[in-house]
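Visitor:
Numbering (this note's numbering), first residue to last: 2 to 722.
1) Hey, could you find the ends of the alpha helix (DSSP H) residue 276 is sitting in?
2) Counting C-beta neighbours from all protein chains within 10 Å, is the total for residue 457 16 or more, i.e. buried, or is it exposed?
3) Could you tell me if residue 697 is buried or exposed, where buried requires 16 or more neighbouring beta carbons within 10 angstroms of its beta carbon?
4) Beta-carbon within less than 7 angstroms of residue 124's beta-carbon, same chain only, minus the 5 sequence neighbours each way: which residues are those?
5) Out of 78, 136 and 360, which has the shortest C-alpha to C-alpha gap to residue 14?
6) DSSP puts residue 531 in a beta bridge; with which residues?
7) Return the chain-ordered list of same chain residues with a C-beta closer than 6 angstroms to the C-beta of residue 359, the five sequence neighbours on each side being excluded.
8) What would DSSP say about residue 100, mapped onto helix, strand or coil?
9) Say whether chain B places a C-beta atom closer than 8 angstroms to the C-beta of residue 276.
10) Which of the three DSSP states, helix, strand or coil, is assigned to residue 417?
11) Select from 267, 464, 48 and 304 the residue whose C-alpha is nearest the C-alpha of residue 279.
12) Give the C-beta separation of residue 427 and residue 283 to the nearest angstrom, bearing in mind that I take them to be a contact with Cβ-Cβ under 8 angstroms.
13) CB-CB under 8 angstroms to residue 516, same chain, minus the five flanking residues each way: which ones, in chain order?
14) If we ignore side chains and look at the alpha-carbon of each, how far apart do residue 754 and residue 118 end up?
15) From the DSSP output, which residues share a beta bridge with residue 288?
16) What are the start and end residues of the alpha helix (DSSP H) that includes residue 56?
17) Where does residue 642 fall in DSSP's three states?
18) If we ignore side chains and look at the alpha-carbon of each, how far apart do residue 67 and residue 92 end up?
19) If I measure Cβ to Cβ from residue 646 and keep anything under 8 angstroms in the same chain, skipping five residues before and after, which residues do I get?
20) Determine whether the beta carbon atoms of residue 206 and residue 230 lie at a separation below 8 angstroms.
21) Express the C-alpha separation of residue 195 and residue 255 in angstroms, rounding to a whole number.
22) Taking contact to mean 3 or more Cβ pairs, one atom from each stretch, closer than 8 angstroms, check whether the region 183 to 199 and the region 228 to 244 are in contact.
23) Between which residues of its own chain and residue 281 is the CB-CB distance below 6 angstroms, once the five residues before and five after are set aside?
24) Give the secondary structure of residue 513 by DSSP, where H, G and I count as helix, E and B as strand, and everything else as coil.
25) Restricting to Cα atoms, I'd like to know which of 145, 514 and 164 is closest to residue 132.
26) Sort 450, 530, 416 and 320 by Cα distance to residue 540 and report the nearest one.
27) In whole angstroms, what is the alpha-carbon distance linking residue 127 and residue 452?
28) Is it buried or exposed for residue 408, if we count other Cβ within 10 angstroms and need 16 for buried?
29) May I ask you to report which of helix, strand or coil DSSP gives residue 64?
30) Using C-beta distances below 6 angstroms, list every residue in its chain close to residue 116, excluding the 5 sequence neighbours before and after it, in chain order.
31) When the distance is taken between beta carbons, is residue 487 closer than 8 angstroms to residue 326?
32) Just to check my reading of the structure: residue 225 and residue 152 have Cβ atoms closer than 8 angstroms, yes? What is that Cβ distance to the nearest angstrom?
33) In the structure shown, what three-state DSSP assignment does residue 439 receive?
34) Would you call residue 53 buried or exposed, if buried means 16 or more other Cβ atoms sit within 10 Å of its Cβ?
35) Measure the CB-CB distance between residue 277 and residue 323 and report whether it falls below 8 angstroms.
36) Hey, is the region 287 to 307 in contact with the region 333 to 345, meaning 3+ C-beta pairs nearer than 8 angstroms?
Structure representation (structure tokens):
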């Protein structure tokens, strides 16, 4: 059954793609049916006892899977989100021409995501993590605009670099501990004397999975990928794919570094920065989907706060574990609702700028209700599910302050409450822009849009939105049950006392954030982030354009600074700048030795021989690099031999074209000049031939680089042994 969860949607992807080439409606039904079956399978697995299975020998170490309470919860969450986005996506993609590709890779990504969360060891998790990264890349580049291409390149670069870093960490863990099985990491780490190597390995794994989670400073892909990806894909990118990164971070935090306060402090610091920075980026943004994307960065920071507190609180970390788990779940649901609302806006207006879409939601009660519930939930308003998880996270910080008295934790609490207030401010900004303010010129056209979504999309939106207050109002039953089931993966201690969510102490934290949010909205958003233009108040993005971490640091680092540094090193070898002085030194040394012996008849021949040998060695050393480069150019890097260009008139393609011309002339069709087909067929043949040679040339180079990379990996492993 676990294999079915992973490989059934992957197999169905091919059937969906083939069906879509002939019949769009049948393809949509097949794709939606696949996700519904996947949801039923996930529910069936949840109701069964824990399972383990695997396939030995695959990619060396084999792939292994298991279930526990946490995994069961997230299998159902994954399948539910995929089903909802697929159902609404059928209407969203109704006017697209390249949606067949989207459906294929959508189902491939579903299977890969299931594989990540079912992985019993980090090696299996990384395999499916990388598959998921490459298949979801097509979501970002789906529109094929310049912005989409650039965002997709950033997404892919972060995924590849992060994956390589995680792989290096797994090599170190396998070599040091002899295992990457998640449940075995704790005991193996306790028996390891070299703790430094564990921190290095853990840092590499944290880098790889943190990049996918959107953790600072690796969050750069998220605010750029979401606005250009289709909105249903954005809901999955934000709601689920970021959680796959959180899964990897939890695996090492709760096992390799269980109850480790130093590791917890690192996660807490990164989470605090991520939480605050994401909230500020969202507050300044004036693009609907970009605001939601930056909000995801911030909410991932909230989750990281809980993961960091796991280590700081030690064995008394039940509140942190429950808060982190429930906020993972809640954030998945928030972003499902909010991005589906954004999908409805975009498929009607094909615009996302708040100044262009303002007023669209007026007189649209279903859309207004869904967005309002999503905004209240993510803002942590009491009686909704977001308030529950944020309360648990806040209580874990307060518990840490009581246990340690650290000022740093007090500062984290202030930033936590302030970031919650910023969340309220930017969600209020979006709601007012969409549903309260009127568009200065297009409001009548917006109000006249009927219907603005079909019945299936309406049902999907209402179902997803109503789940938020349902969970919030029944928190003492539903959310406590989910926390009891799911925190086994966290290796958390027992909850010492029941949490009274609506007590004054807990309400106070939520009310402080709401008050900060109201003050920020009226005192900052309506004043600083708006201006009067042509008699109308418009939203403006006052975030400095130059303050972009990707353009400010990463692109210069990878495209300028590192190539420049390595180029300077390589320049030492150019024109014999390094080897020539060495060669001259050998020559002068030989001459000095010869001078010591003078004209002695016995030693002079030896001296002359030494001089000649020195000259020979100096020339060999001097020309060795040039010889090596020449050898590579003549062998591995040689240009593929191009065929000798035949005279056009003697080529087969030209003669074929001439025969077509003659046939047309016999049927009374006079060719334009006597070489209409002759030259056309020849040009087509020449283009195909030249392109083929370039293709095979590039392929040879790519294969050569692949072999070089593999040799490097094996050499690295040989050194370790």
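Glycine included, each C-beta is placed from N, C-alpha and C at the ideal position.
Guide: Let me lay it out:
1) 262 to 285
2) exposed
3) Only weak support exists for where residue 697 lies, its pLDDT of 44 falling under 50; the coordinates are left without a value.
4) Here residue 124 has 62, 171 and 181 as same chain residues with Cβ atoms under 7 angstroms from its own Cβ, once five neighbours each way along the sequence are excluded.
5) 136
6) 540
7) 434, 438 and 440
8) Residue 100 carries a helical assignment under DSSP once its states are collapsed to helix, strand and coil.
9) No chain B is part of this structure, which consists of one protein chain only.
10) helix
11) 304
12) About 5 angstroms separates the beta carbon of residue 427 from that of residue 283, a gap short enough to meet the 8 angstroms contact definition.
13) 422
14) Here the chain covers residues 2 to 722 and nothing more, so residue 754 does not appear.
15) DSSP lists 354 as partners of residue 288.
16) No alpha helix (DSSP H) holds residue 56; the beta strand (DSSP E) holding it covers 53 to 56.
17) With a pLDDT of only 42 at residue 642, under 50, the local geometry of the prediction cannot be trusted, and the value read off the model is given with reservation. Three-state DSSP puts residue 642 in coil, outside helix and strand.
18) One C-alpha to the other measures close to 36 angstroms.
19) Low confidence applies here, because residue 646 scores a pLDDT of 43, under 50, leaving its location unreliable; read the following figure in that light. Correct list: empty, nothing qualifies.
20) Taking the C-beta atoms as reference points, residue 230 is found no nearer than 8 angstroms to residue 206.
21) 19 angstroms
22) no
23) none
24) helix
25) The shortest Cα separation from residue 132 among 145, 514 and 164 belongs to 164.
26) Of the candidates 450, 530, 416 and 320, the one whose C-alpha sits nearest the C-alpha of residue 540 is 530.
27) Straight-line Cα distance between these residues: approximately 44 angstroms.
28) With fewer than 16 other Cβ atoms within 10 Å, it is exposed.
29) strand
30) 7 and 129, listed in sequence order.
31) yes
32) 4 angstroms
33) coil
34) exposed
35) no
36) The region 287 to 307 is in contact with the region 333 to 345.
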